[in-house]
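Accompanying notes for the structure given below.
Protein chains in written order, with this note's numbering: chain R, 966 to 1086; chain P, 118 to 244; chain L, 752 to 849.
As structure tokens, this is what we get:
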């Protein structure tokens, strides 16, 4: 197993029904499986990925949102959502994951600044 | 020596890819050790062996070839992202003569390589 | 830690620059490249300057010239691609807004 002390952030900026969202999650899970410290950030349209009661299978898309439940098995426990992004879209903090931390813009930014590698999808 | 890895997510038809190649070339010229380039999402389309761009336009695929052949830069493509987009190195059942439609200058890899490149380089930059 | 923000899209077209501005801190730096150069005449650019008066802002000179974007040196410092490489190593991490 390779050793790296870098903290990785995956910044999710794409809405739910967008292939970039699934490929971002795939990348996050791989980092997790290699035991790299990994955090997920949801900002802009990306916050839609966290909302409950979505059923992407209606439009023939594999339910990758369900896969997010596996994040904790890969020790990906830091999941952050941007409060301003939710508010400007009129969205409530009703998520399909129970460990989402909703942060104001400044705290969201400060959390992101703790990472050495940031990939945005 | 300073080390760098680069993630490419834009396709060969995008002008954004020209900027990425320009950046990598300048990194090499500055003496930076570019430990690898990882192609993901639509970026994997850069690895197609069948790209043909009119001669009077920017030759994206030839620039990647040059980075690999002249500068020894490893070009890794995510095979899962490739196969979703019609690129494969395992076309055994097809009628085509070649078993692969992925350019010989690219290395077929998985997402694990992204993790390796992250660990190996001082900096990782996405384009 | 510090972040180098590489802005590649125009706020007249996409929402990335708004998120960049919401994320950027005073010790970070902003580099406008590709269509990101168009942001210099967007009202959000003034918002950024007001929020962070001393923040370092750069643009790739060739990318601005290619787009006929005229930039005062007081707004942003022109750089070449070689300097973007150097900036990459001066900051702890990079976010590419595209």
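Ideal Cβ placement from N, Cα and C applies to all residues, glycine included.
(1) Can you pull the chain L residues whose beta carbon is under 7 Å from the beta carbon of residue 1049/R, in chain order?
(2) Would residue 228/P pass as a contact of residue 195/P if the rule is Cβ separation under 8 Å?
(3) With a CB to CB cut of under 8 Å and the five nearest residues on each side skipped, what residues in its chain are close to residue 783/L?
(4) Using only the alpha-carbon positions, how far apart do residue 1011/R and residue 1026/R sit?
(5) Taking 6 Å as the limit between beta carbons, can you name the residues of its chain near residue 985/R, skipping five residues before and five after?
(6) On a CA-only basis, which of 820/L, 838/L, 778/L is nearest residue 803/L? Give me that one, please.
(7) Tell me, please, which residues DSSP counts as bridged to residue 1045/R.
(8) Counting only the same chain and skipping the five closest in sequence on each side, list residues whose C-beta sits under 6 Å from that of residue 1067/R.
(9) Using a beta-carbon distance below 8 Å, is residue 830/L in contact with chain P?
(10) Would residue 768/L pass as an interface residue toward chain P - the criterion being a Cβ-Cβ separation below 8 Å?
(11) If we ignore side chains and look at the alpha-carbon of each, how far apart do residue 167/P and residue 825/L end up?
(12) Quickly, what does DSSP pair residue 193/P with across the bridge? List them, please.
(13) Checking the sheet assignment: what are the DSSP bridge partners for residue 150/P?
(14) On a Cα-Cα basis, can you pick out the residue from 973/R, 995/R, 1054/R, 1079/R that is closest to residue 1038/R?
(15) At 7 Å on the CB atoms, spell out the chain L contacts of residue 1080/R, in chain order.
(16) Rounded to the nearest angstrom, what separates residue 1020/R and residue 1028/R at their Cα positions?
(17) Mind listing the chain P neighbours of residue 1085/R? Cutoff is C-beta to C-beta under 9 Å, in chain order.
(18) Per DSSP, what kind of secondary structure is residue 163/P in: helix, strand or coil?
(19) With 7 Å as the C-beta to C-beta threshold (strictly closer), list the residues of the segment 779-804 of chain L near chain P in chain order.
(20) Residues of chain R with CB under 9 Å from residue 847/L, in chain order?
(21) Is residue 827/L helix, strand or coil when you go by DSSP?
(22) Who are residue 848/L's beta bridge partners in DSSP?
(23) Just confirm the distance between the C-beta atoms of residue 832/L and residue 143/P, as a whole number of angstroms; I'd bet it's less than 8 Å.
(24) With a cut-off of 8 Å on the beta carbons, I'd call residue 170/P and residue 154/P a contact; round off their distance for me.
(25) Measure the alpha-carbon distance for residue 762/L versus residue 818/L and round it to whole angstroms.
On the basis of the coordinates in this document:
(1) Stepping through the first chain from its first residue, residue 1049/R is reached at position 84. 773, listed in chain order.
(2) Sequence index remark: in the second chain, residue 228/P carries index 111 (1-based). Sequence index remark: in the second chain, residue 195/P carries index 78 (1-based). Contact flag set, yes.
(3) Here residue 783/L corresponds to residue number 32 of the third chain, with the count starting at 1. The answer, listed in chain order, is 758, 790, 791, 808, 809, 810, 811, 814, 815, 827.
(4) By one-based count along the first chain, residue 1011/R stands at place 46. By one-based count along the first chain, residue 1026/R stands at place 61. Using only the alpha carbons, I get a separation of about 17 Å.
(5) Position 20 of the first chain, counted from the start, is the residue given in the question as residue 985/R. Contacts found: 979, 1086.
(6) Numbered from 1 along the third chain, position 52 holds the residue referred to as residue 803/L. If we check each option's Cα against that of residue 803/L, 778/L comes out closest.
(7) Counted from its first residue, the first chain places residue 1045/R at position 80. Answer is 1006/R, 1066/R.
(8) As a position in the first chain, residue 1067/R is number 102, starting the count at 1. Closer than 6 Å at Cβ, skipping near neighbours: 1046, 1048, 1058.
(9) Locating residue 830/L in the third chain gives position 79, counting from the first residue. Chain P contact via Cβ: absent.
(10) Translated into the one-based positions of the third chain, residue 768/L becomes position 17. No, no contact with chain P.
(11) Residue mapping note: residue 167/P aligns to position 50 of the second chain, counting from 1. Residue mapping note: residue 825/L aligns to position 74 of the third chain, counting from 1. Straight-line Cα distance between these residues: approximately 47 Å.
(12) For this step, residue 193/P is matched to residue 76 along the second chain. Per DSSP, 155/P, 224/P.
(13) Indexing the second chain from 1 puts residue 150/P at position 33. In the DSSP output, where bridge partners are listed per residue, residue 150/P has 120/P.
(14) Locating residue 1038/R in the first chain gives position 73, counting from the first residue. Of the candidates 973/R, 995/R, 1054/R, 1079/R, the one whose C-alpha sits nearest the C-alpha of residue 1038/R is 995/R.
(15) The residue you call residue 1080/R lines up with position 115 of the first chain. Near residue 1080/R (Cβ distances below 7 Å), the residues of chain L are 844.
(16) Your numbering for residue 1020/R matches position 55 in the first chain. Your numbering for residue 1028/R matches position 63 in the first chain. Their Cα atoms are separated by approximately 7 Å.
(17) Taking the first residue of the first chain as position 1, residue 1085/R is located at position 120. What residue 1085/R touches in chain P: 243.
(18) Stepping through the second chain from its first residue, residue 163/P is reached at position 46. In this structure, residue 163/P counts as helix in the three-state DSSP scheme.
(19) 784, 785
(20) Along the third chain, one-based indexing puts residue 847/L at 96. 1083, 1084, 1085, listed in chain order.
(21) For the purposes of this step, residue 827/L is taken as the residue at position 76 of the third chain. DSSP places residue 827/L in coil when its eight states are reduced to three.
(22) Position 97 of the third chain, counted from the start, is the residue given in the question as residue 848/L. DSSP, once it has assigned bridges, lists 758/L as partnering residue 848/L.
(23) For the purposes of this step, residue 832/L is taken as residue 81 along the third chain, with counting starting at 1. For the purposes of this step, residue 143/P is taken as residue 26 along the second chain, with counting starting at 1. Yes, residue 832/L and residue 143/P are in contact; Cβ-Cβ is about 5 Å, under 8 Å.
(24) For this step, residue 170/P is matched to residue 53 along the second chain. For this step, residue 154/P is matched to residue 37 along the second chain. Their Cβ separation, rounded to whole angstroms, is 19 Å, which puts residue 170/P and residue 154/P out of contact at 8 Å.
(25) Taking the first residue of the third chain as 1, we reach residue 762/L at position 11. Taking the first residue of the third chain as 1, we reach residue 818/L at position 67. Approximately 15 Å between the Cα atoms of the pair.
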